[in-house]
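Beneath this line is the structure, given in structure tokens, with notes to follow.
Number of protein chains: 2
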Amino acid sequence: MREELLMIPGPVPVLPRILDAMSKPMIPHRGDEFKQLYVEVVENLRAIFKTRNDLFPLSGSGTCAMEAAIANLVDNETSVVCIANGKFGERFYEIAERYTEHVTVVNFDWGSPIELEKVKVTLESNPDVVTMVHNETSTGILNPAKEVGKLTKKHDAVFVLDCITSIGGNDVPVDQLGVDIAIVGSQKCLGAPPGLSALSVSDKVLDLMRANKKRPYYMDIIAYKKSLDKKQTPYTPALPLFFALHEALEVIIEEGMAKRTERHRMLSAMVRTAVTSLGLSLFPQLNEVSEYSNTVTAINMPSGFSDEQLKGGMRRKGVIVAGGQENLKGKIFRMATMGNITEREVSMAIRALGEVLMEKDVKGG
Amino acid sequence: MREELLMIPGPVPVLPRILDAMSKPMIPHRGDEFKQLYVEVVENLRAIFKTRNDLFPLSGSGTCAMEAAIANLVDNETSVVCIANGKFGERFYEIAERYTEHVTVVNFDWGSPIELEKVKVTLESNPDVVTMVHNETSTGILNPAKEVGKLTKKHDAVFVLDCITSIGGNDVPVDQLGVDIAIVGSQKCLGAPPGLSALSVSDKVLDLMRANKKRPYYMDIIAYKKSLDKKQTPYTPALPLFFALHEALEVIIEEGMAKRTERHRMLSAMVRTAVTSLGLSLFPQLNEVSEYSNTVTAINMPSGFSDEQLKGGMRRKGVIVAGGQENLKGKIFRMATMGNITEREVSMAIRALGEVLMEKDVKGG
Numbered sequence: 001m002r003e004e005l006l007m008i009p010g011p012v013p014v015l016p017r018i019l020d021a022m023s024k025p026m027i028p029h030r031g032d033e034f035k036q037l038y039v040e041v042v043e044n045l046r047a048i049f050k051t052r053n054d055l056f057p058l059s060g061s062g063t064c065a066m067e068a069a070i071a072n073l074v075d076n077e078t079s080v081v082c083i084a085n086g087k088f089g090e091r092f093y094e095i096a097e098r099y100t101e102h103v104t105v106v107n108f109d110w111g112s113p114i115e116l117e118k119v120k121v122t123l124e125s126n127p128d129v130v131t132m133v134h135n136e137t138s139t140g141i142l143n144p145a146k147e148v149g150k151l152t153k154k155h156d157a158v159f160v161l162d163c164i165t166s167i168g169g170n171d172v173p174v175d176q177l178g179v180d181i182a183i184v185g186s187q188k189c190l191g192a193p194p195g196l197s198a199l200s201v202s203d204k205v206l207d208l209m210r211a212n213k214k215r216p217y218y219m220d221i222i223a224y225k226k227s228l229d230k231k232q233t234p235y236t237p238a239l240p241l242f243f244a245l246h247e248a249l250e251v252i253i254e255e256g257m258a259k260r261t262e263r264h265r266m267l268s269a270m271v272r273t274a275v276t277s278l279g280l281s282l283f284p285q286l287n288e289v290s291e292y293s294n295t296v297t298a299i300n301m302p303s304g305f306s307d308e309q310l311k312g313g314m315r316r317k318g319v320i321v322a323g324g325q326e327n328l329k330g331k332i333f334r335m336a337t338m339g340n341i342t343e344r345e346v347s348m349a350i351r352a353l354g355e356v357l358m359e360k361d362v363k364g365g
Numbered sequence: 001m002r003e004e005l006l007m008i009p010g011p012v013p014v015l016p017r018i019l020d021a022m023s024k025p026m027i028p029h030r031g032d033e034f035k036q037l038y039v040e041v042v043e044n045l046r047a048i049f050k051t052r053n054d055l056f057p058l059s060g061s062g063t064c065a066m067e068a069a070i071a072n073l074v075d076n077e078t079s080v081v082c083i084a085n086g087k088f089g090e091r092f093y094e095i096a097e098r099y100t101e102h103v104t105v106v107n108f109d110w111g112s113p114i115e116l117e118k119v120k121v122t123l124e125s126n127p128d129v130v131t132m133v134h135n136e137t138s139t140g141i142l143n144p145a146k147e148v149g150k151l152t153k154k155h156d157a158v159f160v161l162d163c164i165t166s167i168g169g170n171d172v173p174v175d176q177l178g179v180d181i182a183i184v185g186s187q188k189c190l191g192a193p194p195g196l197s198a199l200s201v202s203d204k205v206l207d208l209m210r211a212n213k214k215r216p217y218y219m220d221i222i223a224y225k226k227s228l229d230k231k232q233t234p235y236t237p238a239l240p241l242f243f244a245l246h247e248a249l250e251v252i253i254e255e256g257m258a259k260r261t262e263r264h265r266m267l268s269a270m271v272r273t274a275v276t277s278l279g280l281s282l283f284p285q286l287n288e289v290s291e292y293s294n295t296v297t298a299i300n301m302p303s304g305f306s307d308e309q310l311k312g313g314m315r316r317k318g319v320i321v322a323g324g325q326e327n328l329k330g331k332i333f334r335m336a337t338m339g340n341i342t343e344r345e346v347s348m349a350i351r352a353l354g355e356v357l358m359e360k361d362v363k364g365g
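Line order of the protein sequences matches chains A and B. Numbered according to the working numbering, the first sequence spans residues 1 to 365. Numbered according to the working numbering, the second sequence spans residues 1 to 365.
In structure tokens form, the structure reads like this:
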């Protein structure tokens with residue numbers, strides 16, 4: 001069977017050298033070999049996050065780390081503001097609601113940019129915690145982390161930023177942006193398989209977590225902190241995924257983050273240029289503080305195409321793209337440029353898209 | 001470097017065919033290929049659990065599934081009784097304490113058997129939930145699931161049984177034992193790498209979970225139930241670990257559970273006979289309803305040996321065994337007979353142990 005080209009926003013294609021590293025025999029997870037690997041994973045991620053904060057890799061997906069951020073920090077007295085302009089911004093709201101009644105959402109239409117004025121007004125309530133998604137994968141928008149970071153700091157709130165699909169593809173200087181908790185997923189711009197996530201946590205927030213007696217157990221960040229000091233995880237880690245992530249981070253360091261960010265910028269620009277040349281239009285509406293995502297491009301569905309016709313047409317040409325989620329199903333499709341893909345794969349995908357559009361024209365569909 | 005023989009109670013050695021299956025290229029986790037794999041994993045696990053209940057594989061370790069059982073079921077009104085005679089029995093208590101104040105522990109010394117009389121007396125309080133560990137890995141005892149299941153049923157309580165290190169190595173007829181929630185881990189008797197777990201949940205308990213509005217998010221069993229009906233997981237699954245578990249379950253089905261249980265019984269008996277022949281003694285104290293574990297043997301530390309001397313001596317001969325945990329450190333060591341190991345590996349480990357003991361004698365240590 002021909003291997004398909006995955007252009008969905010995670011899982012991304014994984015390089016053979018990473019798959020090889022993953023399939024090593026098991027080792028004891030309390031032994032020296034794992035300790036060394038774990039420390040290297042943590043230190044390499046801290047360098048990529050540009051943070052001096054502690055960093056904790058979790059054996060769970062990005063959603064696990066999102067919940068870890070909220071569940072360790074929030075009790076039923078805590079007030080949370082969730083800024084949302086897409087599915088993953090709203091996910092923070094859904095999670096926070098499970099832990100406190102004092103949740104406010106600053107909502108924008110999916111695909112619309114975040115308006116700082118509206119955020120400013122909501123933050124006048126001086127919430128304890130503010131959440132936002134950096135790169136909104138559902139709509140292809142990069143949200144204004146720097147500006148919201150400043151507003152959050154002014155109100156002395158904890159700033160939780162989901163960077164699941166930005167870190168590793170964008171320059172995300174976590175400390176400089178004033179981010180207290182930053183989150184990444186393994187199967188996006190880091191180029192590793194799915195199953196791991198990581199979050200960096202500021203000292204201030206670690207103290208707040210220590211004071212919370214209703215912390216969760218499996219994702220108890222204070223237990224992770226205690227174990228980190230011994231170069232261990234509190235519970236058995238998903239060893240093969242750690243082997244893979246370790247190798248994926250080596251790949252990133254060999255490329256260099258500056259070059260990697262530039263590659264992501266260039267590949268997404270290439271997608272945007274190509275699809276507009278093909279007569280299609282981009283889905284996101286931007287303002288002066290928002291940008292097109294460098295890691296996933298959301299494109300309005302060409303007229304006359306259903307979700308299945310577009311995705312099915314691409315799939316028959318060996319390229320897997322993503323549709324719209326929930327209300328956007330059938331209205332947009334999405335092409336990711338995440339991780340270790342190159343110009344060659346993007347060209348293949350664009351060529352396939354052009355053919356799918358043309359075949360429909362020829363058929364007069 | 002010579003590959004070491006892992007005889008610790010998880011992670012266990014993973015067969016090359018399972019590692020091969022794991023290192024396949026990524027696939028879309030919402031596509032038909034994953035759906036088919038997921039359904040096969042679920043159905044094969046249900047056969048191994050001998051259950052008609054729904055079953056949910058989680059992208060998280062056994063502890064994740066233990067917490068999922070408690071967190072979905074227990075709010076601050078729920079009363080829980082935790083029966084404990086070792087580290088993992090106590091872990092349920094630690095987890096339950098995070099969710100309700102109404103927790104009682106029926107505690108026995110580590111290495112002592114569970115006395116049904118004491119359990120009976122505690123259950124007179126008619127708790128909502130009763131937890132127990134089937135195979136107590138920290139001490140090498142198989143606890144009386146059938147008897148406690150009967151007592152629990154009499155009091156109409158939910159019976160949560162941690163079978164993390166029994167299912168796949170023991171016959172654990174979940175429904176026949178009256179177990180409402182049974183839990184397994186991937187890296188134990190199933191012979192897969194660490195990182196996944198699974199729990200079966202009775203219809204009665206699913207209804208109780210639906211009524212709990214404070215369910216967790218990442219391990220929300222009702223979200224898993226809704227997704228299972230679509231042959232999906234609610235969040236991105238740890239794909240490579242699912243590829244591996246799928247293959248590991250094929251290995252089990254090829255061997256047959258009856259033969260596999262018999263192999264585990266035989267290998268652990270071989271360890272017990274050999275260590276007593278070498279003049280060592282077994283750690284567990286048994287009563288009429290307890291048995292030696294068929295998956296891990298706990299052995300009193302030979303006199304004159306420290307934890308590091310015994311484990312280090314074995315390691316230098318290429319065999320990794322486990323020490324005692326917490327208060328048992330230096331007092332016992334443990335050899336696992338889990339998963340796909342054979343008489344050959346057990347013989348190697350026993351020979352190494354004999355040599356380590358003899359060398360010490362010769363040196364007059």
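Glycine is no exception: its CB is placed at the ideal position from the N, C-alpha and C atoms. Bear in mind that the values here come from a model prediction, so they are computed numbers and not experimental data.
Chain-ordered neighbours of Q187/B on chain C, where CB pairs are closer than 7 Å: Annotation note: the requested chain C is absent from the structure, which comprises protein chains A and B.
Start-to-end residues for the alpha helix (DSSP H) that takes in L245/A: Position 245 of the first sequence, counted from the first residue, corresponds to residue 245/A. Start and end: 239 to 255.
Length of the line joining the Cα atoms of N287/A and P113/A: Here residue 287/A corresponds to residue number 287 of the first sequence, with the count starting at 1. Here residue 113/A corresponds to residue number 113 of the first sequence, with the count starting at 1. About 6 Å.
Ordered list of alpha helix (DSSP H) runs contained in the stretch 99 to 143 of chain A, each at least 4 residues: For the stretch 99 to 143 of chain A, the continuous alpha helix (DSSP H) assignments of 4+ residues that do not extend past its boundaries occur at 116 to 123, in sequence order.
Any non-hydrogen atom of the ligand SAH within 8 Å of I253/A CB: With respect to small molecules bound, the structure shown includes none, and the ligand SAH cannot be examined in it.
Start-to-end residues for the alpha helix (DSSP H) that takes in V39/A: Working through the first sequence from its first residue, we reach residue 39/A at position 39. V39/A -> alpha helix (DSSP H) spans 32 to 49.
One or two residues paired with V319/A in a DSSP bridge: Here residue 319/A corresponds to residue number 319 of the first sequence, with the count starting at 1. The bridge partners DSSP lists for V319/A are L5/A.
Inter-stretch contact at 8 Å, needing at least 3 Cβ pairs: the stretch 290 to 305 of chain A / the stretch 325 to 334 of chain A: Short answer: they touch.
Where I183/B falls: helix, strand or coil (DSSP): What you label residue 183/B is simply residue 183 of the second sequence in a count that begins at 1. I183/B: strand per DSSP, three-state reduction.
Reduced DSSP secondary structure (H/G/I, E/B, other) of T63/B: Working through the second sequence from its first residue, we reach residue 63/B at position 63. Three-state DSSP puts T63/B in a helix.
Within 9 Å, strictly: CB atoms of V406/B and D180/B: Because chain B spans 1 through 365 in this model, residue 406/B falls outside it and cannot be assessed.
C-beta contact flag for A68/B and P216/B at 9 Å: Along the second sequence, one-based indexing puts residue 68/B at 68. Along the second sequence, one-based indexing puts residue 216/B at 216. Yes, these two residues count as a Cβ contact at 9 Å.
Contact set for M1/B: own chain, Cβ-Cβ below 7 Å, skip 5 residues either direction: Here residue 1/B refers to the residue found at position 1 of the second sequence. With a pLDDT of only 45 at M1/B, under the threshold of 50, the placement of this residue in the model should not be trusted; the figure read from the coordinates follows. Setting aside the 5 residues that flank it on each side, M1/B has no residue in the same chain whose C-beta is closer than 7 Å to its C-beta.
Close beta carbons around S306/A, own chain, < 8 Å, minus the five adjacent residues each side: To locate residue 306/A, count along the first sequence from 1; it is residue 306. The residues G330, in chain order, have a CB closer than 8 Å to that of S306/A in the same chain once the five nearest residues on each side in sequence are set aside.
C-alpha gap between A322/B and A244/A, whole angstroms: Residue numbering aside, residue 322/B sits at position 322 when the second sequence is read from its first letter. Residue numbering aside, residue 244/A sits at position 244 when the first sequence is read from its first letter. The straight-line gap from Cα to Cα measures roughly 26 Å.
Beta-carbon proximity list for S227/B, same chain, < 6 Å, skipping 5 on both sides: Taking the first residue of the second sequence as position 1, residue 227/B is located at position 227. Contacts found: T233, P234.
Cutoff 9 Å: C64/A Cβ touching any chain B Cβ: Along the first sequence, read from residue 1 onward, the residue named residue 64/A stands at position 64. At a cut-off of 9 Å between C-beta atoms, C64/A counts as an interface residue with respect to chain B.
Delimiting residues of the alpha helix (DSSP H) encompassing V148/B: For the purposes of this step, residue 148/B is identified with residue 148 of the second sequence, where counting begins at 1. Taken as a continuous stretch (DSSP letters only), the alpha helix (DSSP H) holding V148/B covers 145 to 154.
Residues that DSSP places opposite N170/A in a beta bridge: By 1-based counting over the first sequence, the position of residue 170/A is 170. In the DSSP assignment, N170/A is bridged to I167/A.
Continuous beta strand (DSSP E) stretch holding S200/A: start and end: In the first sequence, residue 200/A corresponds to position 200, counting from 1. Element bounds for S200/A: 197 to 201.
CB contact below 9 Å: Y93/A versus chain B: For the purposes of this step, residue 93/A is identified with residue 93 of the first sequence, where counting begins at 1. Answer no: the Cβ-Cβ gap between Y93/A and chain B never drops below 9 Å.
Status (buried if at least 16 other CB within 10 Å, exposed otherwise) for N126/A: By one-based count along the first sequence, residue 126/A stands at place 126. Per the 10 Å Cβ criterion, exposed.
Whole-angstrom C-beta distance between I320/B and L5/B, which should lie under 8 Å: For the purposes of this step, residue 5/B is taken as the residue at position 5 of the second sequence. For the purposes of this step, residue 320/B is taken as the residue at position 320 of the second sequence. Contact between L5/B and I320/B is confirmed by a C-beta separation of about 7 Å, below the 8 Å threshold.
R52/B to V201/B span [Cα, whole Å]: Numbered from its first residue, the second sequence carries residue 52/B at position 52. Numbered from its first residue, the second sequence carries residue 201/B at position 201. Distance between the alpha carbons of R52/B and V201/B is about 9 Å.
Cα-Cα separation, I252/B to G168/A: The residue given as residue 252/B occupies position 252 in the second sequence. The residue given as residue 168/A occupies position 168 in the first sequence. One C-alpha to the other measures close to 39 Å.
is_contact[D377/B, chain A] using C-beta, thresh 9 Å: This structure leaves residue 377/B out entirely; chain B is present only between 1 and 365.
Proximal chain B residues relative to H134/A, where beta-carbon distance stays under 9 Å: Here residue 134/A refers to the residue found at position 134 when the first sequence is read from its first residue. Per Cβ cutoff of 9 Å: no residues; H134/A is ~18 Å from chain B at best.
Outcome for G318/B when other beta-carbon atoms lying within 10 angstroms are tallied against a minimum of 16: Numbered from its first residue, the second sequence carries residue 318/B at position 318. Under this definition G318/B is an exposed residue.
Short Cβ contact (9 Å threshold) for S290/A with N143/A: Here residue 290/A corresponds to residue number 290 of the first sequence, with the count starting at 1. Here residue 143/A corresponds to residue number 143 of the first sequence, with the count starting at 1. A Cβ-Cβ contact shorter than 9 Å links S290/A with N143/A.
Interface flag, Y218/A vs chain B, CB-CB below 9 Å: On the first sequence, position 218 is the one that residue 218/A refers to. True, the Cβ-Cβ gap to chain B drops below 9 Å.
Contact list for P9/A against chain B, beta-carbon separation under 7 Å: Walking along the first sequence from the start, residue 9/A turns up at place 9. Within chain B, no C-beta atom comes less than 7 Å from the C-beta of P9/A; the nearest is roughly 10 Å away.
Chain B within 9 Å of I183/A, Cβ atoms only: One-based indexing of the first sequence puts residue 183/A at position 183. It does not: the Cβ of I183/A has no partner Cβ on chain B nearer than 9 Å.
With 16 other Cβ atoms within 10 Å as the buried cut-off, status of E77/A: Mapped onto the first sequence, residue 77/A falls at position 77. Burial is judged here by how many other beta carbons sit within 10 angstroms of a residue's own beta carbon; E77/A has fewer than 16 and is exposed.
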